[in-house]
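S.K.: Quick note: to get this note's numbering, add 692 to the position in the sequence shown (first position is 1).
Structure provided below as structure tokens; questions to follow.
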Amino acid sequence: MTLAGLAIAVGMVVDDAIVDVENIFRRLKDYFKQPSSETPTQVVLRASNEIRSSIVFATLIIMLVFIPLFSLEGMEGRMFRPLGWAVVVAMAASLLVALTLIPALSDLLLAGKYRPSERESFVVSAVKNAYRPLLSLTLKWRSWVLLVALGLLVLACSLIPKLGREFLPIMDEATFTISVFSPAGTSLGESIRIGREMESKLLTIPEVTGVSSRTGRASTDEHAHDVNTNEILVNFVPPYERQKDRPTLLAEVRQLLSQQNFPGVQVSVGQPIQHRLDHLLSGVNAQVAIKLFGPDLSQLRQLAEQVRQVVAEVDGVADLQVEQQVEVEQLQIKVDRLATARYGLSVKDVTHFAEDAFKGQVVSQVLKGQRQYDLILRVDPHQANQINSIAKLKIRTDAGQRVPLDQVATVQIGYGPNTINRENVSRRIVIQCNVQDRDLGRFATEVQHRIQSRVALPDSYFITYGGQFESQQKAQRRIIFQAGLVLIGIFVLLYLAMNSVRLSLLVLLNLPLALIGGVISVFLSGGVLSVPSLVGFILLFGIAVRNGIILIGHINDLRRQGLPLEQAIFQGAGERINPVLMTALTTGLGMLPLALAHGSGAELQKPLAIVISGGMVTATLLTLFILPLLYYIVEKQTDDAT
693 MTLAGLAIAV GMVVDDAIVD VENIFRRLKD YFKQPSSETP TQVVLRASNE IRSSIVFATL
753 IIMLVFIPLF SLEGMEGRMF RPLGWAVVVA MAASLLVALT LIPALSDLLL AGKYRPSERE
813 SFVVSAVKNA YRPLLSLTLK WRSWVLLVAL GLLVLACSLI PKLGREFLPI MDEATFTISV
873 FSPAGTSLGE SIRIGREMES KLLTIPEVTG VSSRTGRAST DEHAHDVNTN EILVNFVPPY
933 ERQKDRPTLL AEVRQLLSQQ NFPGVQVSVG QPIQHRLDHL LSGVNAQVAI KLFGPDLSQL
993 RQLAEQVRQV VAEVDGVADL QVEQQVEVEQ LQIKVDRLAT ARYGLSVKDV THFAEDAFKG
1053 QVVSQVLKGQ RQYDLILRVD PHQANQINSI AKLKIRTDAG QRVPLDQVAT VQIGYGPNTI
1113 NRENVSRRIV IQCNVQDRDL GRFATEVQHR IQSRVALPDS YFITYGGQFE SQQKAQRRII
1173 FQAGLVLIGI FVLLYLAMNS VRLSLLVLLN LPLALIGGVI SVFLSGGVLS VPSLVGFILL
1233 FGIAVRNGII LIGHINDLRR QGLPLEQAIF QGAGERINPV LMTALTTGLG MLPLALAHGS
1293 GAELQKPLAI VISGGMVTAT LLTLFILPLL YYIVEKQTDD AT
């Protein structure tokens, strides 16, 4: 993410220097054409001072728009803060260089022996010759131009509800992690056989380079699993060396490991990094985690099956499964409170006695060589497997009497759940799934609506939705809220730069114009909004405001010098078209490597680059035509009123 921030900054750090050097270069051309009493150094200083305010406030606005990135929490905050810091520090350094080194170098290299050519390059001349007539037509047909711009904005807004939602784009890691859950009670040998058979089927895929598996996890592991679970790691050739994309390989793997080939076995397919992210977000290795809470385990299992049946009907569901929870044979010791009181015992005495008998109690240490071992006292394991022997275990009372366990408790073989999971002190069971060939946001929304309408929850039972969907909603709400605060900050900086509420609001009107290209680019590139896309929109707004300051600020300066309205607009826009286009092109070229990259985590930065690249097209074009038009309308009304 730091490298991505530097890649973004590459196209932006030269913007301040472009604007400063372009203005100095133009003033020196005028000076050498018609020399005055000033020295070339004084011309450089005057030209740099003319543009300094716009540069400072434009760069501060770019840095301001990164505040939402620093306010993000959780996984998205950890991922995008390095990107924000890289850009902010780079922009601060570029501003410092533009204010100090660039004027000095301009005086050294441009104001000395070198004389700027009076003739403009062919490209610049062609651009200006085409721009002025088009700007004239824009002012002439202003009602139609505004109508077209409004139509494009309405089109962009109409596309927003059609865009999908997701937390983070899924990367092509060239590795799949397959979690396999056999029925509870499956032996170690049978689990190994199932794993090997799955490995054999996976090796039939030409793109697979190797497989490995693990059966169960130790009881002391953080995520202990019984021997009925397998985790298979499948390695593929890199994305640039294969013809099949990740979704195609994913569908092929799921088909090979389906219920038809392995009845009764539940399979969840993901990727190593994706699995870690899912587990950190929701505690399960799936994109969507539906957590059902309630006091009774039997009722929870029944409700979970109802939820599973509802989710199974939703388009795009994959790897749907309910957290395994089955009835298994158990040794049950139920304490008789009256009997324990009769012998002067408490319930705690009996339960601690049973715990020490089976789990053991450390009573001393044994030294052997240089190592020390705990001496644990417990019941003989062979005796612990016989219910009659357990019932005859004797517990000592405070009076020294030895009482058989079955005199103070009922010892019997019963049935109970193989596992009990809790979250926030409440018992819960999880229905989890992944999403295939559909965006996560619409899928999760449809799941919520169907469950609410078709599953009746008794009192004390409730459902929460975890995973990437929950994180995406939280991040989206936070970014939107912070973006509102950023707009207020941008307005304050614009007012300080222009000393006019009217002109500040005029520049802010450039933000909806930038939205047009960003939304259309997202729609054409897959139609899914993610956290990187939202970050791209925020950065795009800052870039659009920068161009507005450069253009409107110069036109306003010409108006203060006494130029008529139309002349100030044509001259100011004509003189600023070079830096506006150059800054837009350098920013767009800086985004190009990110927008075209594939694999190696590029999927995280690609949505951001696509939004900025597409938005810069409409923002630049509309800045050059709509902003002068709006300035003309507003100032014309003001002049007429006075």
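For glycine and all other residues, C-beta sits at the position ideal for the given N, C-alpha and C.
Just so you know, these numbers come straight off a predicted model, no measurement behind them.
1. With distances taken Cα to Cα, identify the nearest neighbour of F1135 among G1159, D712, V736, V1058.
2. Where does S871 land, buried or exposed, given buried means 16+ other C-beta within 10 angstroms?
3. T1275 to S1217, Cα distance in whole Å?
4. Quick one: is L1288 buried, meaning 16 or more other Cβ sit within 10 Å of its Cβ, or exposed?
5. Consult DSSP for R934 and reduce its assignment to one of helix, strand or coil.
6. A818: which of G1282, I1269, L1321 sits nearest, CA to CA?
7. For Y723, count neighbouring C-beta atoms within 10 Å of its own C-beta (all shown protein chains included) and say buried if the count is 16 or more, exposed if not.
8. Helix, strand or coil: which one does DSSP assign to P727?
9. Between E997, Q1057, Q1297, G1036, which lies nearest to A1148 when the distance is taken from Cα to Cα?
10. According to DSSP, D1066 sits in a beta bridge with which residue or residues?
11. Alpha helix (DSSP H) containing T694: first to last residue?
12. Which same chain residues, not among the five before or five after T921, have their C-beta less than 8 Å away from its C-beta?
13. From this set, L1030, R770, P1320, which residue's C-alpha is nearest I1247's C-alpha?
14. In its own chain, which residues sit with a C-beta less than 7 Å from the C-beta of N1116, not counting the 5 before and 5 after it?
15. Classify Q1022 as buried or exposed, calling it buried when 16 or more other Cβ atoms lie within 10 Å of its own Cβ.
16. Determine the DSSP secondary structure at K1298, reduced to helix, strand or coil.
17. Per DSSP, which residues does G1357 bridge with? Please list them.
18. Using a threshold of 7 Å, state whether the C-beta atoms of I716 and V736 are closer than that.
19. Just checking, does the stretch 884-901 make contact with the stretch 831-849 on the three C-beta pairs under 8 Å criterion?
20. For R1029 and Q1075, I'd like the C-alpha separation in whole angstroms.
21. Suppose contacts are defined by Cβ-Cβ distances below 7 Å. Is K854 in contact with G1266 by that definition?
22. Would you mind working out which of H917, R888, V919 sits nearest S905, comparing C-alpha positions?
23. Can V757 and G1234 be called in contact, C-beta distance under 7 Å?
24. Quick check: the Cα distance between I1261 and L831, rounded to an integer number of angstroms?
25. From what residue to what residue does the alpha helix (DSSP H) around G823 run?
26. Can you tell me where the beta strand (DSSP E) with V1027 in it begins and where it stops?
27. Could you check which residue in A699, A1010, L695, M693 has the C-alpha nearest to that of T1279?
28. Flag this pair as yes or no: are the beta carbons of C1125 and V1009 separated by less than 7 Å?
29. Where L1012 and S1163 are concerned, what is the direct C-alpha to C-alpha distance, given to the nearest angstrom?
30. Would you be able to state if there are at least three C-beta pairs under 8 Å between the stretch 1188-1208 and the stretch 1222-1241?
31. Rounded to the nearest angstrom, what separates L791 and L800 at their Cα positions?
32. Do the CB positions of N927 and T867 come within less than 7 Å of each other?
33. With which residues is A1101 paired in a DSSP beta bridge?
34. Please report how far the alpha carbon of H967 lies from the alpha carbon of S1081, in whole angstroms.
35. Of all the options L1186, S1152, L1300, Y1157, which has the alpha carbon lying nearest to the alpha carbon of V1223?
36. Please tell me whether M1236 and N1191 are closer than 7 Å, where the distance is taken between their beta carbons.
M.R.: Per the coordinate set shown:
1. What you label residue 1135 is simply residue 443 of the sequence shown in a count that begins at 1. Among G1159, D712, V736, V1058, the Cα nearest to that of F1135 belongs to G1159.
2. For the purposes of this step, residue 871 is taken as residue 179 along the sequence shown, with counting starting at 1. S871 comes out buried.
3. Within the sequence shown, the letter at position 583 stands for residue 1275. Within the sequence shown, the letter at position 525 stands for residue 1217. The straight-line gap from Cα to Cα measures roughly 24 Å.
4. Stepping through the sequence shown from its first residue, residue 1288 is reached at position 596. The residue in question, L1288, is exposed, as its Cβ has fewer than 16 Cβ neighbours within 10 Å.
5. For the purposes of this step, residue 934 is identified with residue 242 of the sequence shown, where counting begins at 1. Reduced to three states, the DSSP call for R934 is coil.
6. Reading the sequence shown from its first residue, position 126 is the one you call residue 818. Answer by Cα proximity: I1269.
7. The residue you call residue 723 lines up with position 31 of the sequence shown. With 16 or more other Cβ atoms within 10 Å, it is buried.
8. As a working mapping, residue 727 is identified with position 35 in the sequence shown. In the structure shown, P727 sits in coil (DSSP, three-state: anything other than H, G, I, E or B).
9. As a first step, residue 1148 is located in the sequence shown; it is residue number 456 there, counting from the start. The option with the nearest alpha carbon to A1148 is E997.
10. Numbered from its first residue, the sequence shown carries residue 1066 at position 374. DSSP output for D1066 lists Q1057 as bridge partner(s).
11. The residue given as residue 694 occupies position 2 in the sequence shown. Start and end: 694-702.
12. Residue numbering aside, residue 921 sits at position 229 when the sequence shown is read from its first letter. Around T921: S871, V872, F873, S874, S883, T907, G908, R909.
13. Numbered from its first residue, the sequence shown carries residue 1247 at position 555. Minimum Cα distance to I1247 is reached at P1320.
14. Here residue 1116 corresponds to residue number 424 of the sequence shown, with the count starting at 1. Taking C-beta separations shorter than 7 Å and ignoring five residues to either side along the sequence, N1116 has no partners in its chain.
15. Indexing the sequence shown from 1 puts residue 1022 at position 330. Q1022 is exposed by the Cβ-count criterion.
16. Position 606 of the sequence shown, counted from the first residue, corresponds to residue 1298. DSSP places K1298 in helix when its eight states are reduced to three.
17. Nothing about residue 1357 can be read from this structure; the chain reaches only from 693 to 1334.
18. Along the sequence shown, read from residue 1 onward, the residue named residue 716 stands at position 24. Along the sequence shown, read from residue 1 onward, the residue named residue 736 stands at position 44. Cβ distance < 7 Å, so I716 and V736 count as in contact.
19. no
20. On the sequence shown, position 337 is the one that residue 1029 refers to. On the sequence shown, position 383 is the one that residue 1075 refers to. A direct Cα-Cα distance of roughly 26 Å separates R1029 from Q1075.
21. Position 162 of the sequence shown, counted from the start, is the residue given in the question as residue 854. Position 574 of the sequence shown, counted from the start, is the residue given in the question as residue 1266. No, these two residues do not count as a Cβ contact at 7 Å.
22. Locating residue 905 in the sequence shown gives position 213, counting from the first residue. Ranking the options by Cα distance to S905, first place goes to R888.
23. Indexing the sequence shown from 1 puts residue 757 at position 65. Indexing the sequence shown from 1 puts residue 1234 at position 542. For V757 and G1234, yes; Cβs fall inside 7 Å.
24. Residue numbering aside, residue 1261 sits at position 569 when the sequence shown is read from its first letter. Residue numbering aside, residue 831 sits at position 139 when the sequence shown is read from its first letter. Each residue's alpha carbon lies about 10 Å from the other.
25. Sequence index remark: in the sequence shown, residue 823 carries index 131 (1-based). At residue 823 the sequence reads Tyr, which differs from the Gly that was named. Its alpha helix (DSSP H) spans residues 814-832.
26. Counting from one through the sequence shown, the residue named residue 1027 turns up at place 335. Here the beta strand (DSSP E) through V1027 covers 1019-1027.
27. Here residue 1279 is taken as the residue at index 587 of the sequence shown, counted from 1. The shortest C-alpha separation from T1279 is found at A699.
28. Along the sequence shown, read from residue 1 onward, the residue named residue 1125 stands at position 433. Along the sequence shown, read from residue 1 onward, the residue named residue 1009 stands at position 317. Yes; because the gap between Cβ atoms is below 7 Å, this pair is in contact.
29. Taking the first residue of the sequence shown as position 1, residue 1012 is located at position 320. Taking the first residue of the sequence shown as position 1, residue 1163 is located at position 471. Cα to Cα, L1012 sits roughly 20 Å from S1163.
30. yes
31. Stepping through the sequence shown from its first residue, residue 791 is reached at position 99. Stepping through the sequence shown from its first residue, residue 800 is reached at position 108. In a straight line, the C-alpha of L791 is about 15 Å away from that of L800.
32. The residue given as residue 927 occupies position 235 in the sequence shown. The residue given as residue 867 occupies position 175 in the sequence shown. Closer than 7 Å, so yes.
33. If you number the sequence shown from 1, residue 1101 lands on position 409. Per DSSP, V1027.
34. Taking the first residue of the sequence shown as 1, we reach residue 967 at position 275. Taking the first residue of the sequence shown as 1, we reach residue 1081 at position 389. In a straight line, the C-alpha of H967 is about 46 Å away from that of S1081.
35. In the sequence shown, residue 1223 corresponds to position 531, counting from 1. Answer by Cα proximity: L1300.
36. To locate residue 1236, count along the sequence shown from 1; it is residue 544. To locate residue 1191, count along the sequence shown from 1; it is residue 499. Here residue 1236 turns out to be Ala, not Met, going by the sequence shown. Against a cut-off of 7 Å, the Cβ pair of N1191 and A1236 comes out as no contact.
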